[in-house]
Each structure stands twice: as structure tokens, then as C-alpha cells.
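These notes concern the structure reproduced below.
There are 2 protein chains.
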Amino acid sequence: MRDVAKLAGVSHQTVSRVVNDHPNVRAETRERVLAAMRSLNYRRNLAARTLATRESHTLGIIGFETTLFGPESMLYGIESAARGAGYLVSVATVRELSHRPVREAMDRLAQHDVDGIIAIAPKPAVITALTHAPAGLACVAVGGANPVVGPASGAGSGFDQFPTVRVDNAAGARLATRHLLDLGHATVHHAAGPPDWPEAQARVDGWRETLYAAGAVVPPVTPGWWDAAAGYEQGRRLAADPEVTAVLCANDRIALGVLRAMHENGRRVPEDVSVVGFDDMPDSGYFMPPLTTVHQDFAELGRRALALLLRHMSRPDDGAPPENVVVAPDLILRTSTAPRKNR
Amino acid sequence: MRDVAKLAGVSHQTVSRVVNDHPNVRAETRERVLAAMRSLNYRRNLAARTLATRESHTLGIIGFETTLFGPESMLYGIESAARGAGYLVSVATVRELSHRPVREAMDRLAQHDVDGIIAIAPKPAVITALTHAPAGLACVAVGGANPVVGPASGAGSGFDQFPTVRVDNAAGARLATRHLLDLGHATVHHAAGPPDWPEAQARVDGWRETLYAAGAVVPPVTPGWWDAAAGYEQGRRLAADPEVTAVLCANDRIALGVLRAMHENGRRVPEDVSVVGFDDMPDSGYFMPPLTTVHQDFAELGRRALALLLRHMSRPDDGAPPENVVVAPDLILRTSTAPRKNR
DNA sequence: TTCGTGAGTGTTACCGTTCTCATCGTGGTC
DNA sequence: GACCACGATGAGAACGGTAACACTCACGAA
């Protein structure tokens, strides 16, 4: 910068003004500085800027060290939006969604002076860990359960401390369950996800609630995981039960496993059993049969999270309660669901 | 740091020595400084350190803004290895794998003072863009085609300029094709990926080469993409042709589409047609039928890339030719392949 | 004329480290 | 006893920007 200043015959401060688009610079001077910058191939040093301003123009993302479809897509949504806003994105992953690792990840990001953090926070431990963020470091949580509405969203839940963005999982489950009931199924079984994930729990809740409201029997739920292997296990159990005519799966990968288990047991989908997924992964339209599923727009979720973070950063602690954005999912009808057969 | 120095009754320089584990500090002094650091909850400011040392302890990753299974998994492999080596990882994605966007991504990372860059570089344009990296910025490319062996790997290809890590795609395709021929299939058809991706092309090459060596007919190849929709299109064509008894798919998602097309056309897998995939995605064992496929260890690829980058960073431009690591894939046998039926 | 005002510019300090070099004991060597 | 090497420490100058403030005009109002 000193060299640029010398070449342009101005002070380094004027160069700084040009770089930062400060209005009070004569057009001719600006031009001269720009020319000097070009000819010296000048690039401003962000480390120095960070040191002086305490703004790194870098955002941190805390993610789960596993390739789950949702988090991935969000990462891209966030990154591309961040790029547009002039931020670079740094990633810190955790092998386990518990307090300690998340805090370490946060410390690592904080040490690198990130201006804000977006945590992909499917489990409550992540949110509580976020509570210990250094003062002044803006955080947003994305994913997880639906915030409890009304006065019940008490202290300590995190929802009253951080802006959050999430999909209305319960609503998605309701949509899907309702759809199956409307097709004439007496009740709907559920191939659940891991019970300690609020997202999975919210889907259970939405499902159970809908059955209850319809006066249908609520079948028992067994704990699972998010992949096809777990879905297959659950599917074998469900396929063996002749009462089962409709299954809501906690995500598409589970549905894939269920589909396979049904097939192996000679239960045709959708003729004998209807199956619904959750997520709408890019290929679920090519399952056998193409999967009716609840669509979540993860990229949009990422963009919303970024927007929220940026807003939160610009007006730190204004006393207003944090925003909790909830995105509505919708049901994609394909051919894995059909009216219940007459027996 | 000044505060810590004052509290410990030493100079800031001594604090710096303690922080950096410099040997020449009396044990008792070190202890006093550490105590002061603890009581003031001191954390060193990385921006200042970066400014002084020109080392940011941050690595950049250039990725493709699409959720493809491989790149995802590599990201995690790299990140977790980088963490172990004391680096933070920043991500810059590109919407398009051409020169301009990649260069912009690189500039963005360079401006943030990354110490090195790992580019997920499935297309040659990425590598040529890397050629324009600022001097002294270490780069490693991961993915893409197999480096040409022997003197043919001429100038300009990039392989002679950057360390690279990749899976031997041609070998994987050979493995799979050989397997199908060994099962008695007269020839093997190929549901290809995008022809402008060297990885897809290398798979075509390995496949064609094996057929040729076996004296089998080499069926024509039509261009595709990496997803199930494209696989379905190709699958419909293949299913309509009674000559087709074995299909090698350029990846598992394509295989999913092919499987579905076969099913719709009444061609049973594996009884009538054998199908092999490529990648070994976590759920491909739950396709119908479970997919025989070529396994790639993406996480390992990421780790290797990081190791290479670190080595490259520590001894810049030693004149030695860059290393090109090639990882061998292996074939996972499941039930989508079977001996050819007698007709 | 005199003064205030605001645009355009320069001066100096400061952000929190590390680097280079100087200083001061201390003990071993000749 | 003089000399030297070395361990332990400190002082000051970078590193490359931005912030705060001072200064100089030109111009319009009092």
C-alpha cells in the first residue's frame, strides 16, 4: 500500500480511502490511485485489515462430520450466499454432536476471528454449547426441532437466545400422515429416525398427533438411524406384520431400506403397502417405485440462516427477541402411495 | 498479550516465547506466564500472527457447488485431517468448473491468506486455472482423470506442475468389466457419465480397453450426467435392446436409474441383465437388487491430498517433480450381477 | 471582511504478534 | 583472572492496514 501511495503521489491513507470506496476522494486522484494499484498488482492484505478492524469477513460453520444429505445442501446454500455478501466460509466439523466437541469447534473458529457462526444444530447439545460463545460473536442455529410455540419456550432451550432457522418437521409429518389416511389406510406406521434427534422426534410427534386426531391406532415406534441399513431393519419388522398398509419413513434413505424389505417379503408397494419418505433427495424419484416424500428446501434454509446471521451481526444485542424462522415443507406425490386395497 | 506480560512481570516477547513453545525459557518463568494467561483467559490473536508471519494456518478448498457424493466425502476427509494438523479449512465453491470462476475462487482464498489450496478438480479447466496461483501458494488437485503415464504426460497438462491425488478410474472400470465378462456375458454395455469429465472418460477407457482385449464387441456410448435421471434415460435405451445383458454404470446414481428402467421394461436384474455401479455410496447395498459396485475411498483420498499439500508447503519448489498419488479402487460384489443366462 | 463549513488530503497512533538484535548473568576453559 | 559461549530475557522495529484527528483550501453567509 505504501508503494501504491508513493507511485500515485498520495498518502497511504488516501489509498485506503480509495480501496474502501470512501466518497471524499477527488475523481482524478482516485483514478491515479487505481492506476497505481493496477500497475503494481496490489491486493489488500486481509490479515492486516482484520487486525485493525476486528472484522475478518469470514463466517464459521459448525457441521456434523458425516455426509447426510441435508447438511451438505445447506453448506452450499450458505457458502454461495456468503460469497455474495463478501464473506468467506470456514468449516469446523465435529465427530459427535455433544457439548465438548462443539465447543472446541467454536473455539477454533473464534480463534480465527470469524465474524459469526452458523451451527448446523440437529441436537440440543449444539445449541447449549453455542450459549458459551464469546461475547459479541453472533450465532445462528439451523436445523433441529421446531421451536415450541407459546410461553412454553422457556429459558435454557436456546430458542430464546439464538436466531434459528428450521423446517417445520411436525407439519411435514402431518402432511404425509394425513395423505395416507386420506387414501383410506386405517392407520400409518412409522419407521423412525434416532430418538435423540429432535428432528426425528418432531416427525414422530406430527405423525402421532395426526393419527390421534383421526382416531386411528398409534402403532409403536422403534428407534432407528438415518440410513438405509436402519430402514431395512425396521422394514423387515413392518413387512412381517400384515396389519401394516402404510409407512411413513423419517427420511428417504430409511425409505429406501423399507422399500427393499417390503420387496423381499413380497409386499408390493404401493399395491399392498404405501410408503412415504422425508427430504426429497435428488434421486428419490427413481426409487422403486418413485417415492412420495416430504420436500425440504435445504439450500433455501442455508440462505435464510445466512440472512439471519448477517442481520444479527449488524445489530448486536438490541434486546429484541431472536427471530425463529420456520420454513414449511411440502408433499411431493409420486407413486409409492396408493389407496388402501379392499380386503 | 501485553496484559499477560505485565501480570507475569515479564516482557511481551517472553510471553510470545511461551506461547510458541520456545525452549529457552526458564521453567519457573514459563509457569508464571502460563498462570497469567489462564487467569486473564488469554487467547492469541491469529490475525496479528498471520500479519507478522504470513502464515494463516488456514487451508482453502475449491469445490463444485453441487452435492455429488465424492466431493462431499472428500471435504470431510480433508477437514478432519487438517484439524489434526492445526489448520482451519475455508471453502470456496464454484457454480461452474471453468477457468474464470475457479480463478475467482482462488483469488478469494488467496486474499484471505490461505497457506495452501486443495482443489477438487474433476475437470482440466480447474487445473489450468490453478496454474495461475500466486507464486508461493501451494496447490494440490484431487480427483479428475488418471495422469498419463510415461513421457506422454507433457507440458501444460498440469500433472507436471501440481501434486495430484486421484482414484484409478480406468482400473476400476477394468475390474468391473472383467468381472462381467468372467460371468459369461458376451459384452458389456456402458451407461456413461458426462463426456467432458475426465473421470467419466477414464471409466469409458478402462471399460473399452477391457472389452477390446477380450475381443468383445464395443457398444456405442451416449453422453450422460451423474444422476439417476440421466441413468434412467440411458437405462430405457438399454432395456429396449435385447442384446444387452450386462451394464457398467459410471456411478451408483446412474445405476439406480438404470435399475429402475430395467424393472419398468420387465428386464430382471440380475437374471436377465447384470448391473454394476461405481462409487459405492453408503446406500447402494440397499438398491434393488443390492448393487455390485466399484468402491472408492473418498475420505482416504482427502487425507492423502492433505498430506501431499502439507509436504508441498514445507518444501516449496525443490525442483523435484510433483507427486501424483493414485489410489486403487476395488470391486464390491453384491447381487446385481449374475452369470449370463443360457438362451 | 470574517468566519464557519465541508471536501480533500496527510500525520500519527494503534491493532497484537513475531523477528532481530542487544543485554546480562553464569559457568567452563585456558 | 580474562575470555567466551550460551541460556534467559528485554527493547524496538516490523507486518499492512484502519481510525482519529489535523490541516488546507474554496465557497457562501453574516
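As you go down the protein sequences, you meet chains A and B in turn.
Under this note's numbering, residues 6 to 348 are what the first sequence spells out, in order.
Under this note's numbering, residues 6 to 348 are what the second sequence spells out, in order.
C-beta atoms are modelled at their ideal positions from N, C-alpha and C, and glycine is treated no differently.
Any beta carbon from chain B within less than 8 Å of residue i's own beta carbon?
i         : result
Gln116(A) : yes
His268(A) : yes
Ala97(A)  : yes
Glu101(A) : no
Gly141(A) : no
Thr55(A)  : yes
Asp26(A)  : no
Ser341(A) : no
Gly262(A) : yes
Tyr47(A)  : no
Arg242(A) : no
Arg108(A) : no
Arg113(A) : yes
When you compare the CB positions of residue i and residue j, do they come within less than 8 Å of one another, or not?
i         : j         : result
Val96(B)  : Val131(B) : no
Gly307(B) : Leu80(B)  : yes
Val332(A) : Asp173(A) : yes
Gly121(B) : Leu314(B) : yes
Leu12(A)  : Leu39(A)  : no
Ala181(B) : Leu338(B) : no
Val252(B) : His194(B) : yes
Thr250(A) : His190(A) : yes
Val170(A) : Val330(A) : yes
Leu264(A) : Phe292(A) : yes
Ala186(A) : Ala219(A) : Going by the sequence as given, residue 186(A) is Leu instead of Ala. Against a cut-off of 8 Å, the Cβ pair of Ala219(A) and Leu186(A) comes out as a contact.
Ala52(A)  : Leu56(B)  : yes
Pro199(A) : Ala205(A) : yes
Gly91(A)  : His62(A)  : yes
Ile123(B) : Ala310(B) : yes
Tell me, which residues are paired with residue i by DSSP?
i         : result
Arg171(B) : Val331(B)
Phe283(B) : Val299(B)
Thr250(B) : Per DSSP, none; premise fails for Thr250(B).
Thr98(A)  : Gly68(A)
Leu336(A) : Val299(A)
Leu313(B) : Paired residues: none, contrary to the question.
Leu93(A)  : Thr63(A)
Would you identify the three-state DSSP class for residue i, choosing helix, strand or coil?
i         : result
Leu64(B)  : strand
Val226(A) : coil
Arg31(B)  : coil
Ala138(A) : coil
Ala191(A) : coil
Ser4(B)   : Any property of residue 4(B) remains undetermined from this structure, which presents chain B solely from 6 to 348.
Ser103(A) : coil
Ser341(A) : coil
Lys11(A)  : helix
Ala124(B) : strand
Ala219(A) : coil
Ala196(A) : strand
Ala146(B) : strand
So that I know if they touch, is there some Cβ in chain A lying closer than 8 Å to that of residue i?
i         : result
Ser61(B)  : yes
Glu305(B) : no
Thr19(B)  : no
Gly148(B) : no
Pro344(B) : no
Asp201(B) : no
Ala52(B)  : yes
Arg316(B) : no
Arg258(B) : yes
Pull out every residue of the segment 264-288 of chain B whose Cβ sits closer than 8 Å to any Cβ of chain A, in chain order.
Interface annotation for the segment 264-288 of chain B against chain A: Leu264, Arg265, His268, Pro287 and Asp288, criterion Cβ-Cβ distance under 8 Å.
Against chain B: residues of the segment 64-97 of chain A by CB proximity under 8 Å:
Glu70, Thr71, Thr72, Phe74, Glu77, Ser78, Leu80, Tyr81, Glu84, Ser85, Arg88, Leu93, Val94, Ser95, Val96 and Ala97
Between the segment 289-301 of chain B and chain A, which residues of the former have CB atoms less than 7 Å from a CB of the latter, in chain order?
Residues passing the 7 Å Cβ filter: Tyr291 and Met293.
For the segment 208-236 of chain A, enumerate the residues whose C-beta is nearer than 9 Å to any C-beta of chain B, in chain order.
Asp232, Ala233, Ala234 and Gly236
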